[in-house]
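J.: Taken in order, these protein sequences are the chains called A and B. First residue of the first sequence: 1, per full-length UniProt numbering; consecutive thereafter. First residue of the second sequence: 1, per full-length UniProt numbering; consecutive thereafter. Note that beta-carbon positions come from the ideal geometry of N, C-alpha and C, so glycine has one too. Here the structure is a predicted model, which is why all the values come from computation and not from measurement. Dropping the structure in here first, questions after.
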Amino acid sequence: MSVENAPVVDVDEAAIPVEKKMYYRFESNDKKEFRVSELAIQQSETLNRLVEAMGYTSEDVENKPAIAIENIDGKTLKLVFQWCEHHKGEAIPVDDGSVPKIVEIPEFDAKLMDIDNGLLFKLIWAADYLNIVQLLNVSCKKVANMAQGKTPAQLRRVYLLPSDEEDEAAKRAAQEAQDPRAREVEEEFEERKRQGGNSFF
Amino acid sequence: MEYREFDFWFYRFLNGEFDLNFERDKDKKIYELMDMPLDIMKNVVEYLDIFDRMSLASTNRSFKTFVEDQKLFHPKMFLHVSEEVAFIEFGMECRFILYKRHGNCFTTKMQQGGKSLRGVPYWKQAIRDFKKVLNDPKFHLKTLEIEFYMPGLMPSILDELVDSFIHKARVSSLFFRAPSTDSLLKILPLFQPGYLTTIELSMHEINGSVMEKVIEMEQWKHAKYFTMTNTVFRGSLHHLYHFKQFDICYQQLTVEDVRQMKKILSKSSDFEKCSLRFMNSVDVGSIEKELGSCIEGASKRYQKIYHSPILNTTEYFEIEWKSWTREITMKKRKL
Chain A
1 MSVENAPVVD VDEAAIPVEK KMYYRFESND KKEFRVSELA IQQSETLNRL VEAMGYTSED
61 VENKPAIAIE NIDGKTLKLV FQWCEHHKGE AIPVDDGSVP KIVEIPEFDA KLMDIDNGLL
121 FKLIWAADYL NIVQLLNVSC KKVANMAQGK TPAQLRRVYL LPSDEEDEAA KRAAQEAQDP
181 RAREVEEEFE ERKRQGGNSF F
Chain B
1 MEYREFDFWF YRFLNGEFDL NFERDKDKKI YELMDMPLDI MKNVVEYLDI FDRMSLASTN
61 RSFKTFVEDQ KLFHPKMFLH VSEEVAFIEF GMECRFILYK RHGNCFTTKM QQGGKSLRGV
121 PYWKQAIRDF KKVLNDPKFH LKTLEIEFYM PGLMPSILDE LVDSFIHKAR VSSLFFRAPS
181 TDSLLKILPL FQPGYLTTIE LSMHEINGSV MEKVIEMEQW KHAKYFTMTN TVFRGSLHHL
241 YHFKQFDICY QQLTVEDVRQ MKKILSKSSD FEKCSLRFMN SVDVGSIEKE LGSCIEGASK
301 RYQKIYHSPI LNTTEYFEIE WKSWTREITM KKRKL
């Protein structure tokens, strides 16, 4: 199944088997609506608890407003639900940190995550917020794979990491923005040192 | 072109959007790894091997502190010290450090180059570098191989290794090759008991009094797998019965040994398999009577298979007895 064709937004009602399945409605912060199967929702601990607590019937799902997910946009949420539908029914991994985590990125996930870094980071954030353990694992693995075999200089470019000098400059700038007198005090201190004084006071 | 710029246009083209006049929103928030919550950064770092972590730690001080604070699982390390040369291998292709003596100085060679150093013997520098990695409390190692072939310098090597070794190393399997067992008294205490599950020793000389001390160590008592090659195990077989599996060479097997082994190992919930080879000839006829029922179809003249049921259980011992080569292998099986 291709990523584009994953059954997230458009659900063919006729294709639903005789056994009645429940499809919940969710709305992103940019007002895009998604229908997601009950089994797919189980991949997200946050959403699963939410729908359990709401105790909706099939009629409620249709008649009440869609459940709002206020801090995730439609583009990201579409990827999240595509992933959940594709992996519905799969066991959720448990990690107690005692053994090395071995995560392989399946072909479907690799295609799903063939996106720019900005969207990938939003996807990671969404997986973390919605507590989708395996989606978080594969997306973090993808970010980690970007670091493989890279030098520190290359890593700074890939992950947009500041060097120590840039980091300190940013801190100084932030400090100065808070206290404009700080720079003046520092300059005065440097000047006194140049004149031979050891103590500022 | 900056990487972020390249990344932006690459994915636009990949998605079939070829409009070169597209006005990019420069003020749009660009997500950086450091914007991520700590648990996500931890998840990312978890997938990086020791060398990628070292590169990441070198990017800036904040990352160094963060990366060094994360648990690291590494598959394999190998330390070899012998005359003229020492090396540390990291179980990954082309990842090693080689230390070689050249007169009064020594050289190091690694993937990215090497250097010449004076003042410290080559073996001492190798041990110091090895300790730096192994003594990191966050470092977890699956397999460690240590090979020392410098009999004259063994005391100095061991003193250097033990000196300021603060944390018990988390190593799961230890393969230790040295001229004699004496070094075990200093080597084994370096490892965390319980985490160390496998001990494999290859030595030419075994000192009975050293082994008496070794079997009292927590590392020995908590280990699950034991193998000793190249020499005869000195000590009672009783000291091996807590292992899940053991493989040794023994002086001589008696009928009483077989009775005791069956009695004690039948009660062990952990025991899976043991193999023993004997130096001296054994009373084949009397021992065979103790082994159980011979499975005729599966047996040959000098290689017989016996089944011996364990009372009140659904388990039995499958015993392979090679009288010609004086070997016995016992496995616990379920009916």
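Indicate whether at least one CB of chain A lies closer than 9 Å to the CB of Leu144 (chain B).
T.: No, because no Cβ of chain A sits closer than 9 Å to the Cβ of Leu144 (chain B).
J.: Check whether the segment 45 to 63 of chain A and the segment 97 to 104 of chain A touch, using three or more Cβ-Cβ pairs below 8 Å as the test.
T.: No: the two stretches stay apart, fewer than three of their Cβ pairs being nearer than 8 Å.
J.: Under a Cβ-count criterion, where at least 16 other Cβ atoms within 10 Å of its own Cβ denotes burial, should Met279 (chain B) be classed as buried or exposed?
T.: Exposed, by the Cβ-count rule.
J.: Quick one: is Arg118 (chain B) buried, meaning 16 or more other Cβ sit within 10 Å of its Cβ, or exposed?
T.: Arg118 (chain B) comes out exposed.
J.: Under the three-state reduction of DSSP, which class applies to Asp283 (chain B): helix, strand or coil?
T.: It is coil, neither helix nor strand.
J.: Using a Cβ-Cβ distance under 9 Å, would Lys111 (chain A) count as near chain B?
T.: Output row for Lys111 (chain A): interface = no.
J.: Scan the segment 65 to 78 of chain B for residues whose Cβ lies nearer than 7 Å to a Cβ of chain A and list them as they occur along the chain.
T.: Within the segment 65 to 78 of chain B, the qualifying residues are Lys71 and Phe73.
J.: I need the DSSP call for Phe18 (chain B), collapsed to helix, strand or coil.
T.: In this structure, Phe18 (chain B) counts as coil in the three-state DSSP scheme.
J.: So the beta strand (DSSP E) Thr309 (chain B) belongs to, where does it begin and stop?
T.: In the sequence as displayed, the identity of residue 309 (chain B) is Pro instead of Thr. It spans Gln303 to Pro309 - the beta strand (DSSP E) in which Pro309 (chain B) sits, taken as one unbroken run.
J.: Is Val45 (chain B) close to chain A? Criterion is C-beta to C-beta, closer than 9 Å.
T.: Yes - at least one Cβ of chain A is within 9 Å of the one on Val45 (chain B).
J.: Please check if any C-beta of chain C sits within less than 9 Å of the C-beta of Val143 (chain A).
T.: In the structure shown, chain C does not exist; the protein chains are A and B.
J.: Can a CB atom of chain B be found closer than 9 Å to the CB of Gln148 (chain A)?
T.: For Gln148 (chain A), the answer is yes, since a Cβ of chain B falls inside 9 Å of its Cβ.
J.: Can you pull the chain A residues whose beta carbon is under 8 Å from the beta carbon of Thr59 (chain B), in chain order?
T.: Going along chain A in sequence order, the residues near Thr59 (chain B) (Cβ under 8 Å) are Pro152, Leu155, Arg156, Tyr159, Leu161 and Ser163.
J.: What did DSSP end up calling residue 252 (chain A) once you bin it into helix, strand or coil?
T.: Absent from the model: residue 252 (chain A). The displayed extent of chain A is 1 to 201, so no value can be given.
J.: Roughly how many whole angstroms lie between the Cα atoms of Arg326 (chain B) and Gly285 (chain B)?
T.: Looking at the two C-alpha atoms, the distance is approximately 13 Å.
J.: Using only the alpha-carbon positions, how far apart do Lys21 (chain A) and Glu38 (chain A) sit?
T.: Lys21 (chain A) and Glu38 (chain A): Cα-Cα distance of roughly 7 Å.
J.: Pull up the distance between the alpha-carbon of Val210 (chain B) and that of Asn60 (chain B), whole angstroms please.
T.: For Val210 (chain B) and Asn60 (chain B), the distance between alpha carbons rounds to 48 Å.
J.: Establish whether the CB of Phe136 (chain A) and some CB of chain B are separated by less than 9 Å.
T.: Before going further, note that residue 136 (chain A) is Leu rather than Phe in the sequence given. It does: the Cβ of Leu136 (chain A) has a partner Cβ on chain B nearer than 9 Å.
J.: Could you give the first and the last residue of the continuous alpha helix (DSSP H) run that contains Met211 (chain B)?
T.: Gly208 to Val214 is the span of the alpha helix (DSSP H), which, as asked, contains Met211 (chain B).
J.: In angstroms, rounded to a whole number, what distance separates the CA positions of Gln251 (chain B) and Leu72 (chain B)?
T.: So the two alpha carbons sit approximately 42 Å from each other.
J.: Just to confirm the assignment, what range does the beta strand (DSSP E) spanning Lys331 (chain B) have?
T.: Looking at the DSSP string, the run of the beta strand (DSSP E) that includes Lys331 (chain B) is Glu327 to Lys334.
J.: Quick one: using the 10 Å Cβ neighbour count with 16 as the cut-off for buried, is Tyr302 (chain B) buried or exposed?
T.: Flag for Tyr302 (chain B) reads exposed.
J.: Checking the sheet assignment: what are the DSSP bridge partners for Lys322 (chain B)?
T.: Partner(s): B:Gln303 and B:Glu327.
J.: Would you list, in chain order, the members of the segment 221 to 236 of chain B that have their beta-carbon closer than 7 Å to a beta-carbon of chain A?
T.: Residues passing the 7 Å Cβ filter: none.
J.: Quick check: the segment 40 to 52 of chain B against the segment 169 to 177 of chain A, are at least 3 beta-carbon pairs closer than 8 Å?
T.: Touching, no.
J.: Residues in the same chain with beta-carbon distance under 7 Å from Ser139 (chain A), minus the five sequence neighbours each way, listed in chain order, please.
T.: Correct list, in chain order: Met113, Leu120, Leu123, Ile124 and Ala127.
J.: Between Lys138 (chain B) and Gln219 (chain B), which are expected to be in contact by the criterion C-beta below 8 Å, what is the C-beta distance as a whole number of angstroms?
T.: Not really, about 21 Å apart at Cβ, beyond 8 Å.
J.: Within 9 Å (strictly less), CB to CB, does Phe108 (chain A) reach chain B?
T.: False, the Cβ-Cβ gap to chain B never drops below 9 Å.
J.: Can you tell me whether Asn230 (chain B) is buried or exposed? The criterion is at least 16 other CB atoms within 10 Å of its CB, across all chains shown.
T.: Exposed: under 16 other Cβ atoms inside 10 Å.
J.: Residue ranges of each alpha helix (DSSP H) run of no fewer than 4 residues wholly in the UniProt domain "SKP1 component POZ" (26 to 88) of chain A, ordered along the chain?
T.: Fully enclosed alpha helix (DSSP H) runs of 4 or longer: 38 to 41, 45 to 54, 58 to 63 and 74 to 86.
J.: Looking at the structure shown, is Glu93 (chain B) part of a helix, part of a strand, or coil, going by DSSP?
T.: Coil, per DSSP.
J.: Taking only beta-carbon positions, decide if Ile124 (chain A) is within less than 9 Å of chain B.
T.: It does: the Cβ of Ile124 (chain A) has a partner Cβ on chain B nearer than 9 Å.
J.: Near Val158 (chain A), which residues of its chain fall below 8 Å by C-beta distance, leaving aside the five closest residues on each side in sequence?
T.: The residues are Met146, Ala147 and Lys150.
J.: Is any beta-carbon of chain B found at less than 9 Å from that of Pro93 (chain A)?
T.: No, Pro93 (chain A) lies away from the interface with chain B (no Cβ there is under 9 Å from its Cβ).
J.: Going by DSSP, what residue range makes up the beta strand (DSSP E) through Tyr225 (chain B)?
T.: From DSSP, the beta strand (DSSP E) with Tyr225 (chain B) extends over Tyr225 to Thr229.
J.: Measuring alpha carbon to alpha carbon, tell me which residue in B:Ser82, B:Asp270 and B:Ile287 is nearest Tyr306 (chain B).
T.: Nearest option by C-alpha distance: B:Ile287.
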